[in-house]
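**Q** Under the working numbering, residues 10 to 342 are what the sequence shown spells out, in order. Backbone N, C-alpha and C fix where the C-beta goes; we use that ideal spot for every residue, glycine too. Just dropping this structure here.
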Amino acid sequence: MTPIQKVIKQNNKDIKPIWLMRQAGRYLPEFRKIRKSNPNFVELCLKEKEVQKITLQPINRFKFDAAIIFSDILMVPFALGQDLNFKKNFGPILGDFSNNKIKKISPKVFSRRLKPVYNSIRLVKNNKLLKNRDLIGFVGAPWTILVYMLNRNSPKKKLKKIFKDKVLISDLLKLINKYLSIHIKNQIKSGATVIQIFDSWAGLVNDKDLEDLIYNPTKKLVNYTKSLKVPSICFPRNINNYQEYTDVIKPNVISIDYNVNPIEIVKKIKIPVQGGLNPKILLTNKANIKKKTKHYLDIFRNHPYIFNLGHGVLPNTDPNMIKYLIKTVKNFK
Ligand code: CP3
10 MTPIQKVIKQ
20 NNKDIKPIWL
30 MRQAGRYLPE
40 FRKIRKSNPN
50 FVELCLKEKE
60 VQKITLQPIN
70 RFKFDAAIIF
80 SDILMVPFAL
90 GQDLNFKKNF
100 GPILGDFSNN
110 KIKKISPKVF
120 SRRLKPVYNS
130 IRLVKNNKLL
140 KNRDLIGFVG
150 APWTILVYML
160 NRNSPKKKLK
170 KIFKDKVLIS
180 DLLKLINKYL
190 SIHIKNQIKS
200 GATVIQIFDS
210 WAGLVNDKDL
220 EDLIYNPTKK
230 LVNYTKSLKV
240 PSICFPRNIN
250 NYQEYTDVIK
260 PNVISIDYNV
270 NPIEIVKKIK
280 IPVQGGLNPK
290 ILLTNKANIK
300 KKTKHYLDIF
310 RNHPYIFNLG
320 HGVLPNTDPN
330 MIKYLIKTVK
340 NFK
């Protein structure tokens, strides 16, 4: 059994596996090299050999306990026919949303468009570096995908106007859920052993809408993943009530962001926990990295815990600091 499966299935508290969100990315010179000759990010995500290489780069270099497939949560709106571009220093820009166009997409067409993603998973899976390591597949949570589809870029403030149409939202969430389920199933069939659900914009939802926009749709995906005998990790960024979230949705693991007090979490949450450390800490110095890393490890000493950050690795991180972080986690007693 892999270290992460031991934490999830056996509640093992003695091992603290480590992987990092965005562990493959711009902070790695070997990634930047491939990226330079692939200016179109979406096209890069559809190049099987390159995706295989990029996914394995951090495993090769640091021996993380898991690989996460190099792709993006926005490949789902893309496969549903919405244009997708990434503008430097701005982030994603999606094309006009057309309900009619989306209703014409079939599961077959959707799966065909994402076939290179599934083939890349197969390629990674067959590599000997994956022995005793998990391969993490992922999706955006229905709400976060809805936000991108309607808002067309990362929201800078509270969303108002476009979210007034309750019928559109409810219909669209159902459709998104259907396709996210297909994407989860295809990733698992290709070799993903864990599914992480990223709800980056969960924090924008008012308490009264949590049930409709976050709890019900996400719970369906978690239950569906469970029915395929694969564990799920939920990362609902910036929410207020983690206890209620885990009680309602019942994921296998809850991933916390860096605004969350880990002491409160360990008191209240019974399931395995992942993450927390502020990625900005990795921009400081070794003494501080050691201190802040040990803070998390001390708090979760007697709790099943997967070490990770509270958000993705920042592009200006020094790879030597990642190496130092892993050493600190592995040597912790
Ligand atoms: O974690 C991993 O390494 C796996 C691959 C992965 C990427 N994006 C690659 C990526 C994963 C799991 C994601 C998830 C993702 N994508 C989320 C959820 C997590 C979060 O960050 O809140 C969101 C909201 C997106 C949408 C997205 N993709 C944004 C907002 C951006 C631009 C911001 C940025 O960091 O550049 C991306 C681009 C993106 N996705 C990059 C990578 C490596 C950078 C692209 C580049 O090389 O320029």
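Hey, is residue 115 close to the ligand CP3, as in C-beta under 8 Å from one of its heavy atoms?
**A** No, since every heavy atom of the ligand CP3 falls outside the 8 Å radius drawn around the Cβ of residue 115.
**Q** Please state the DSSP three-state secondary structure of residue 241.
**A** DSSP places residue 241 in strand when its eight states are reduced to three.
**Q** Only counting runs of 3 or more residues, tell me where the beta strand (DSSP E) segments fall wholly within the region 149-236, in order along the chain.
**A** Within the region 149-236, the complete beta strand (DSSP E) runs of at least 3 residues are 203-208.
**Q** Could you check if residue 270 is buried or exposed, using at least 16 other CB atoms within 10 Å of its CB as the buried criterion?
**A** With fewer than 16 Cβ atoms within 10 Å of its Cβ, residue 270 is classed as exposed.
**Q** In chain order, what residues of the same chain lie with their CB nearer than 7 Å to the CB of residue 290, ignoring the 5 residues before and after it?
**A** Excluding sequence neighbours, residue 290 sits near 297, 298 and 301.
**Q** Measure the Cβ-Cβ separation of residue 316 and residue 323 and say whether it is below 9 Å.
**A** No.
**Q** CB-CB under 6 Å to residue 89, same chain, minus the five flanking residues each way: which ones, in chain order?
**A** Answer for residue 89: 111 and 114, listed in chain order.
**Q** So is residue 293 buried or exposed if we call it buried at 16+ other beta carbons inside 10 Å?
**A** Exposed, because fewer than 16 other Cβ atoms sit within 10 Å of the Cβ of residue 293.
**Q** Helix or strand or just coil, what does DSSP make of residue 120?
**A** It is helical.
**Q** What separation, rounded to the nearest whole angstrom, lies between the Cα atoms of residue 213 and residue 30?
**A** Whole-angstrom Cα-Cα distance: 21 Å.
**Q** Nearest CA to the CA of residue 223: which residue from 250, 303, 198 and 201?
**A** Residue 250 is the option with its Cα nearest to residue 223.
**Q** Could you check where the alpha helix (DSSP H) with residue 329 kicks off and where it finishes?
**A** Residue 329 -> alpha helix (DSSP H) spans 328-340.
**Q** In chain order, what are the residue ranges of uninterrupted beta strand (DSSP E) at least 3 long that sit wholly in the region 239-318?
**A** The qualifying runs are 241-245 and 262-264.
**Q** How about the region 121-128 and the region 73-89: do they share at least three Cβ pairs that are nearer than 8 Å?
**A** In short, these stretches touch, since the Cβ pair count reaches three.
**Q** Should residue 313 go down as buried or exposed, given a rule of 16 or more other Cβ atoms within 10 Å for buried?
**A** Flag for residue 313 reads buried.
**Q** Let me check you understand the geometry: is the CB of residue 97 closer than 8 Å to at least one non-hydrogen atom of the ligand CP3?
**A** Flag set: Cβ of residue 97 near the ligand CP3.
**Q** Could you tell me if the beta carbon of residue 74 falls within a distance shorter than 8 Å of some heavy atom in the ligand CP3?
**A** Because no heavy atom of the ligand CP3 lies under 8 Å away, the Cβ of residue 74 does not count as near it: no.
**Q** With DSSP collapsed to three states, give me the class of residue 324.
**A** Looking at residue 324 - three-state DSSP - the assignment turns out to be coil, as it is neither helix nor strand.
**Q** According to DSSP, is residue 96 part of a helix, a strand, or is it coil?
**A** Residue state, collapsed to three classes: strand.
**Q** Does DSSP put residue 53 in a helix, in a strand, or in coil?
**A** Correct three-state label for residue 53: helix.
**Q** Between residue 56 and residue 206, what straight-line distance do the alpha-carbon atoms span, to the nearest angstrom?
**A** So the alpha carbons of these two residues sit roughly 23 Å apart.
**Q** If I'm right that residue 244 touches residue 208 with Cβ under 8 Å, what's the distance once you round it to whole angstroms?
**A** Contact flag correct, Cβ pair sits at about 6 Å.
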